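These protein sequence lines are chains A and B, in that order. Just so you know, we're using my numbering here: the first sequence kicks off at 1 and counts up by one. Just so you know, we're using my numbering here: the second sequence kicks off at 1 and counts up by one. Beta carbons: idealized from backbone N, C-alpha and C, even for Gly. The structure displayed is predicted, hence computed values, not measured ones.
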Amino acid sequence: MIGIIKYQAGNLASVANALNRLNADYFVSDDPDTLNNADGIIFPGVGHAGAAMDDLRSRDLDVWLKNTKKPVLGICLGMQLLYESSEEGNSDTLGIIPGKLKKFDATKAKVPHMGWNRFEPKVDHPLIHGIDNKQFLYYVHGYYAPANEFTLATCKYIKDFCAVVAKDNFMGVQFHPEKSGAVGSLLLQNFLDIVKQASNKKSA
Amino acid sequence: MLTKRIIPCLDIKDGRTVKGVKFVGLRDAGDPVELAQRYTEEGADELVFLDITATKEKRRTLVHLVEEIAAHINIPFTVGGGIKSVDEIEEILKAGADKVSLNSAIVRDPELISRASDAFGSQAVVAAVDAKRVGDHWEVFVKGGSEATGLDALDWIKKTEHLGSGEILLTSMDRDGTKSGFDNELLKIVNETVTIPVIASGGAGTIQHCVDAVNIGNADAVLAASIFHFREIEISDLKKKMAESGIDVRLLTT
Numbered sequence: 001m002i003g004i005i006k007y008q009a010g011n012l013a014s015v016a017n018a019l020n021r022l023n024a025d026y027f028v029s030d031d032p033d034t035l036n037n038a039d040g041i042i043f044p045g046v047g048h049a050g051a052a053m054d055d056l057r058s059r060d061l062d063v064w065l066k067n068t069k070k071p072v073l074g075i076c077l078g079m080q081l082l083y084e085s086s087e088e089g090n091s092d093t094l095g096i097i098p099g100k101l102k103k104f105d106a107t108k109a110k111v112p113h114m115g116w117n118r119f120e121p122k123v124d125h126p127l128i129h130g131i132d133n134k135q136f137l138y139y140v141h142g143y144y145a146p147a148n149e150f151t152l153a154t155c156k157y158i159k160d161f162c163a164v165v166a167k168d169n170f171m172g173v174q175f176h177p178e179k180s181g182a183v184g185s186l187l188l189q190n191f192l193d194i195v196k197q198a199s200n201k202k203s204a
Numbered sequence: 001m002l003t004k005r006i007i008p009c010l011d012i013k014d015g016r017t018v019k020g021v022k023f024v025g026l027r028d029a030g031d032p033v034e035l036a037q038r039y040t041e042e043g044a045d046e047l048v049f050l051d052i053t054a055t056k057e058k059r060r061t062l063v064h065l066v067e068e069i070a071a072h073i074n075i076p077f078t079v080g081g082g083i084k085s086v087d088e089i090e091e092i093l094k095a096g097a098d099k100v101s102l103n104s105a106i107v108r109d110p111e112l113i114s115r116a117s118d119a120f121g122s123q124a125v126v127a128a129v130d131a132k133r134v135g136d137h138w139e140v141f142v143k144g145g146s147e148a149t150g151l152d153a154l155d156w157i158k159k160t161e162h163l164g165s166g167e168i169l170l171t172s173m174d175r176d177g178t179k180s181g182f183d184n185e186l187l188k189i190v191n192e193t194v195t196i197p198v199i200a201s202g203g204a205g206t207i208q209h210c211v212d213a214v215n216i217g218n219a220d221a222v223l224a225a226s227i228f229h230f231r232e233i234e235i236s237d238l239k240k241k242m243a244e245s246g247i248d249v250r251l252l253t254t
């Protein structure tokens with residue numbers, strides 16, 4: 001069972017629709033006690049980092065997220081909020097993954113980075129099984145996470161930045177798998193498989 | 001490398017796809033959801049739905065249609081047509097659209113752009129600009145190109161970017177429906193003026209026109225309607241030919 005975190009910055013309908021197409025069970029909630037019933041968490045997000053953090057804090061979801069041991073998949077802003085801070089509104093974010101979000105240099109190319117782009121896998125990980133540097137995923141973002149030791153794949157726009165990240169049970173993707181056609185569905189299915197495996201291990 | 005996008009546009013009236021030249025002589029072009037699915041399978045990178053329904057039942061029909069599209073389509077899509085307020089934008093986005101396209105409403109009320117981008121992020125706000133050449137410059141028109149606003153198109157486009165729009169949907173009223181090619185001169189100047197993505201619209205008739213919009217006009221995306229509806233050009237052929245011309249496009253690998 002997947003819990004989708006409901007807060008102001010969520011693109012909930014798109015994520016819910018994508019899970020429907022994969023016949024996955026899910027619920028949507030902003031309540032930590034209810035989210036405890038999920039086997040895995042999807043943390044979506046579009047919009048402004050500062051506003052999103054304010055909203056998470058007002059529901060104690062920031063504390064809950066930092067402490068959960070369940071597999072978590074952050075999408076777009078949801079991934080960005082896993083890092084320590086963002087130049088967007090000079091916001092402190094969750095601090096689960098080291099690093100600071102930077103703004104793309106609009107004197108170099110169009111910002112936001114909007115459209116279909118490829119990534120370059122750096123580390124083998126079940127989240128990106130079956131996806132290589134020939135397939136396209138849909139991105140839309142004006143801020144980026146610099147690549148670091150937790151980066152699984154990088155994408156190139158103006159410079160190389162982190163497209164997929166993982167640290168312990170936390171995973172994040174800068175693109176929108178729920179809007180990335182068949183390739184995006186494959187990534188979401190990979191996450192569902194990771195969740196299933198983690199929950200089987202726990203009950204075994 | 002970020003790829004150039006191909007965007008089929010579907011005009012919607014009373015929940016059906018229609019196609020006419022400049023909104024005159026509308027022909028039924030089918031069920032929007034089926035057509036959207038076909039385009040997605042053929043390799044469309046995004047879709048735009050423009051609602052031209054005039055009745056007061058409009059909003060309910062449109063929201064229902066957006067929900068249907070979102071349930072079936074797994075690529076991004078934009079919805080436009082008569083959207084006037086933050087509440088209406090919220091309704092469309094919550095139904096599952098990724099972006100809204102705003103046209104006449106932002107000419108009347110430019111601050112709507114800021115209110116919308118503050119609430120939903122600039123990536124969700126597309127400023128649609130209908131431009132027509134008047135003397136030595138381009139002017140903004142509204143109401144399907146029938147009403148002059150007196151606004152200089154370049155000044156207006158700069159202003160929409162400043163107010164927080166995330167993308168420009170630029171239609172040449174001189175070329176729209178003519179199939180004589182995009183207004184590459186206009187595209188080039190606009191692309192030198194703004195730092196947000198620009199979608200070229202109005203005039204697509206051949207594959208070469210689309211290549212030129214990117215190579216000469218520097219467009220980030222190319223939008224067309226009738227050439228796709230009536231299968232004059234297949235999206236997969238178009239993308240293959242664009243790739244052969246050295247343009248980065250998303251080719252389906254499966």
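Residue-level contact to chain A via CB, residue i, 7 Å cutoff
i: D87 (chain B); result: no
i: I75 (chain B); result: yes
i: G15 (chain B); result: no
i: R5 (chain B); result: yes
i: L163 (chain B); result: no
i: P197 (chain B); result: yes
i: R38 (chain B); result: no
Closest by C-alpha distance to residue i, when choosing among the options
i: F43 (chain A); options: A:Q8, A:S91 and A:N23; result: A:Q8
i: K56 (chain B); options: B:I83, B:D152, B:G121 and B:D136; result: B:I83
i: K179 (chain B); options: B:T40, B:D237 and B:I207; result: B:I207
i: A44 (chain B); options: A:D160, A:K179, A:V28 and A:V164; result: A:K179
i: V125 (chain B); options: B:D183, B:S101 and B:L252; result: B:S101
i: V123 (chain A); options: A:H113, A:W116, A:L152 and A:H129; result: A:L152
i: D51 (chain B); options: B:G81, B:N218, B:D87 and B:S201; result: B:G81
i: K94 (chain B); options: A:D31, A:N17 and A:S91; result: A:N17
i: I69 (chain B); options: B:G205, B:L151 and B:G96; result: B:G96
i: V28 (chain A); options: A:I5, A:A38 and A:G40; result: A:I5
i: F77 (chain B); options: B:A71, B:R59, B:V48 and B:A54; result: B:V48
i: V33 (chain B); options: B:G15, B:K19, B:E42 and B:E46; result: B:G15
i: G121 (chain B); options: A:E120, A:A49, A:I128 and A:A147; result: A:A49
i: I216 (chain B); options: B:F141, B:A200 and B:K19; result: B:A200
i: V79 (chain B); options: B:E111, B:R108, B:A36 and B:D109; result: B:A36
i: F136 (chain A); options: B:V249, B:V214 and B:V194; result: B:V249
i: D183 (chain B); options: B:V107, B:S172, B:G177 and B:I189; result: B:S172
i: S91 (chain A); options: A:K108, A:T107, A:D55 and A:P71; result: A:D55
i: S14 (chain A); options: B:K99, B:K158 and B:A148; result: B:K99
i: V190 (chain B); options: B:C210, B:D155, B:G205 and B:G177; result: B:D155
i: D62 (chain A); options: A:V173, A:V46, A:D30 and A:E87; result: A:D30
i: D109 (chain B); options: B:I227, B:I73, B:D28 and B:T149; result: B:T149
i: G135 (chain B); options: B:E147, B:D152, B:K143 and B:A127; result: B:D152
Strand pairing of residue i, partner residues [DSSP]
i: L137 (chain A); result: A:N117
i: E91 (chain B); result: In the DSSP output, where bridge partners are listed per residue, E91 (chain B) has none listed.
i: D136 (chain B); result: According to DSSP, D136 (chain B) bridges with nothing at all.
i: P8 (chain B); result: B:A224
i: V72 (chain A); result: A:I41 and A:F170
i: C162 (chain A); result: A:T154
i: V28 (chain A); result: A:I4
i: A148 (chain B); result: B:F141
i: V100 (chain B); result: B:V79 and B:V125
i: V48 (chain B); result: B:C9 and B:T78
i: Y144 (chain A); result: A:K102
i: G30 (chain B); result: B:T17
i: V198 (chain B); result: B:I168
i: D183 (chain B); result: DSSP lists no partner for D183 (chain B).
i: D130 (chain B); result: B:F141 and B:T171
Within-7 Å CB hit, residue i to chain B
i: A145 (chain A); result: no
i: M114 (chain A); result: yes
i: G89 (chain A); result: no
i: A106 (chain A); result: yes
i: A24 (chain A); result: no
i: N36 (chain A); result: no
i: F136 (chain A); result: yes
i: V140 (chain A); result: yes
i: V164 (chain A); result: no
i: N190 (chain A); result: no
i: Y7 (chain A); result: no
i: K122 (chain A); result: no
Sequence-distant residues of the same chain with beta carbon closer than 7 Å to residue i, five excluded per side
i: V111 (chain A); result: F104 and G142
i: N218 (chain B); result: L187, K188 and N191
Contacting residues, own chain, Cβ-Cβ under 6 Å from residue i (five flanking each side not counted)
i: L192 (chain A); result: A24
i: D130 (chain B); result: F141, G145, T171 and M173
Sequence-distant residues of its chain with Cβ nearer than 8 Å to residue i (five each side left out)
i: A119 (chain B); result: V86, I89 and E90
i: D237 (chain B); result: I207
i: L81 (chain A); result: F43, G45, A49, A52, M53, L56, G74, T93 and L94
Given 8 Å, three or more beta-carbon pairs between the stretch 219-233 of chain B and the stretch 4-12 of chain B:
yes
Would you call the stretch 65-81 of chain B and the stretch 162-170 of chain A touching, i.e. three or more CB-CB distances under 8 Å?
no
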